[in-house]
Amino acid sequence: MWPRIGGLRTLALGTPGELRTRLNTLVLAGVKTATAGLTTEYAEEGEELEHAGERLALVDDEDALVGVVEVTGVEVVRFADVPWDFARSEGEGDRSIEEWRAGHAAYWARVGTPVTDDSEVVCIRFRLVSGGDGGTPRPRPSGATQLG
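Numbering of the sequence shown is given in the working numbering, commencing with residue 347 and proceeding in unit increments.
Here it is as structure tokens:
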């Protein structure tokens, strides 16, 4: 099972270190409004998929709270069928769906979970509801896109 903070499941983006710090910064800035996982990761951890309305505790490398997000949508699709509008909402600077697929395939291969076109991807859309300051709502930056 994934760790919990105050009853909320945690959302630990990427791998610890520079990648997680960068991804958390994108979430806190309102740029990253989505993330992708693999159904195999949920099965291995005995976790259910997130659901719309669920709140997740965004954590840093030490599993300390840095923010809270609310899930606005969840969809499971084949890796080859992840849509560009979802990939773009991950906010990581990919310029095309092909670039997103190459980057995510390389990431999952590095962490020991190679993917194929038929691998099931959990596409989670969310919105930031608070920073890691004890639950005080954070205003959305002007011009930030919210999908879902």
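Cβ coordinates follow ideal geometry from the N, Cα and C atoms, glycine included.
On the three-state DSSP scale, how would you describe residue 383?
Here residue 383 sits in strand by DSSP.
Classify residue 391: buried if its beta carbon has 16 or more other beta carbons within 10 angstroms, exposed otherwise.
Burial call: exposed.
Where residue 375 and residue 398 are concerned, what is the direct C-alpha to C-alpha distance, given to the nearest angstrom?
Using only the alpha carbons, I get a separation of about 21 Å.
Rounded to whole angstroms, how far is the Cβ of residue 425 from the Cβ of residue 461, which I believe are closer than 8 Å?
Yes, residue 425 and residue 461 are in contact; Cβ-Cβ is about 5 Å, under 8 Å.
Can you tell me whether residue 350 is buried or exposed? The criterion is at least 16 other CB atoms within 10 Å of its CB, across all chains shown.
It is exposed - the Cβ of residue 350 has fewer than 16 other Cβ atoms within 10 Å.
Check the DSSP bridge columns for residue 476 and list the partner residues they point to.
Note: residue 476 sits in a beta bridge opposite 414.
If distances are taken between C-alpha atoms only, which option among 389, 448, 358 comes closest to residue 407?
Here the closest residue by C-alpha is 358.
Would the segment 447-458 and the segment 409-420 be scored as touching if the rule is three or more Cβ pairs under 8 Å?
Counting Cβ pairs under 8 Å, fewer than three are found: no touch.
Once DSSP output is grouped into helix, strand and coil, what is the label at residue 374?
Helix.
How many whole angstroms separate the CB atoms of residue 465 and residue 379, which I take to be in contact at a CB cut-off of 8 Å?
Contact flag wrong, Cβ pair sits at about 23 Å.
When you compare the CB positions of residue 472 and residue 422, do they come within less than 8 Å of one another, or not?
Taking 8 Å as the Cβ cut-off, residue 472 and residue 422 do not qualify as a contacting pair.
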